[in-house]
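The listed protein sequences derive, respectively, from chains G and V.
Note that the numbering used here has the first sequence beginning at 1, numbered continuously upward.
Note that the numbering used here has the second sequence beginning at 114, numbered continuously upward.
The beta carbon of each residue, even a glycine, is placed where N, CA and C say it ideally should be.
I have placed the structure first, in the form of structure tokens, so that the comments after it can refer back to it.
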Amino acid sequence: DQQVKQNSPSLSVQEGRISILNCDYTNSMFDYFLWYKKYPAEGPTFLISISSIKDKNEDGRFTVFLNKSAKHLSLHIVPSQPGDSAVYFCAAGGSGNTGKLIFGQGTTLQVKP
Amino acid sequence: EPEVTQTPSHQVTQMGQEVILRCVPISNHLYFYWYRQILGQKVEFLVSFYNNEISEKSEIFDDQFSVERPDGSNFTLKIRSTKLEDSAMYFCASSEVTNLYGYTFGSGTRLTVV
Numbered sequence: 001d002q003q004v005k006q007n008s009p010s011l012s013v014q015e016g017r018i019s020i021l022n023c024d025y026t027n028s029m030f031d032y033f034l035w036y037k038k039y040p041a042e043g044p045t046f047l048i049s050i051s052s053i054k055d056k057n058e059d060g061r062f063t064v065f066l067n068k069s070a071k072h073l074s075l076h077i078v079p080s081q082p083g084d085s086a087v088y089f090c091a092a093g094g095s096g097n098t099g100k101l102i103f104g105q106g107t108t109l110q111v112k113p
Numbered sequence: 114e115p116e117v118t119q120t121p122s123h124q125v126t127q128m129g130q131e132v133i134l135r136c137v138p139i140s141n142h143l144y145f146y147w148y149r150q151i152l153g154q155k156v157e158f159l160v161s162f163y164n165n166e167i168s169e170k171s172e173i174f175d176d177q178f179s180v181e182r183p184d185g186s187n188f189t190l191k192i193r194s195t196k197l198e199d200s201a202m203y204f205c206a207s208s209e210v211t212n213l214y215g216y217t218f219g220s221g222t223r224l225t226v227v
């Protein structure tokens with residue numbers, strides 16, 4: 001099931017700079033998209049989400065952009081902080097009405113001091 | 114902040130044994146889920162549960178798996194006869210509604226089948 005893809009397994013950025021994490025999807029029926037942050041041995045923690053009818057949602061340092069025509073979304077973190085170092089998953093939902101989320105493979109972000 | 118609580122945090126079991134993973138979802142949530150993550154792989158959907166019945170299940174969720182809400186607070190995942198390939202982190206999640214808000218995950222149970 002490759003409906004949601006994160007093609008970059010890892011990303012390294014300098015503290016204070018922008019981190020851009022990317023996600024592509026194939027199913028145009030998804031109603032919403034979410035970004036989760038995950039530390040080792042912990043569950044995914046919700047970061048930010050976006051409805052399929054929007055193209056941008058911002059929450060503090062985190063902004064998610066959605067390009068429906070390209071079936072692409074991205075998470076921008078500005079400025080990046082060392083505490084942001086984690087695995088980031090994008091997830092998509094709403095193609096049915098059961099609450100099922102489909103996750104990408106994850107991108108490991110390392111923010112260097 | 115309300116939490117989804119999972120127990121145990123780590124379970125080791127012998128192949129062929131039954132295991133029950135336990136979860137206490139957030140109290141006012143109506144939708145409950147199990148996901149798993151095999152080491153190094155992505156988080157995979159197993160099953161969603163609403164109104165005391167399964168609303169959707171994945172191909173992974175075969176006859177060896179079952180879920181139950183035995184009382185008003187617990188939500189369990191049972192694997193009847195574990196296989197080596199069932200070794201994974203199992204995450205319980207809950208949500209108040211099925212939209213872009215409010216999916217909360219537990220910290221997971223690491224299941225090791227030997």
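Q | For E209 of chain V, three-class secondary structure by DSSP | A | coil
Q) Is the shortest distance between the beta-carbon of S208 of chain V and the beta-carbons of chain G less than 7 Å? A) yes
Q. Is it a yes or a no for the region 116–134 of chain V touching the region 186–202 of chain V, going by three-plus beta-carbon pairs under 8 Å?
A. yes
Q | Neighbourhood of H72 of chain G by C-beta, 6 Å cutoff - its chain only, sequence neighbours within 5 removed | A | D24
**Q.** Residue interval of the beta strand (DSSP E) (run including L143 of chain V)
**A.** No beta strand (DSSP E) holds L143 of chain V; DSSP gives it neither H nor E.
Q: Give the C-beta separation of T118 of chain V and N97 of chain G to the nearest angstrom, bearing in mind that I take them to be a contact with Cβ-Cβ under 8 Å.
A: In fact, because the Cβ distance is near 27 Å, the residues do not count as touching under 8 Å.
Q. Quick one, which residues of the region 53–75 of chain G are near chain B if we go by CB-CB under 7 Å, in chain order?
A. Annotation note: the requested chain B is absent from the structure, which comprises protein chains G and V.
Q | Euclidean distance between Cα positions of F218 of chain V and R17 of chain G | A | 29 Å
**Q.** Closest Cα partner of S154 of chain V within the set G:S74, G:F46 and G:F89
**A.** Checking the sequence shown, residue 154 of chain V turns out to be Gln, not Ser. Among G:S74, G:F46 and G:F89, the Cα nearest to that of Q154 of chain V is on G:F89.
Q: For S49 of chain G, return the contacting residues in chain V, with the cut-off set at a CB-CB distance below 7 Å.
A: L213 and Y214
(Q) Shorter than 6 Å, the distance from the beta carbon of I77 of chain G to the closest heavy atom of the ligand ATP, or not? (A) Ligands displayed in this structure: none; no statement on the ligand ATP is therefore possible.
Q) Identify the residues that DSSP records as bridge partners of K196 of chain V: which are they? A) Answer is none; K196 of chain V lacks a bridge partner.
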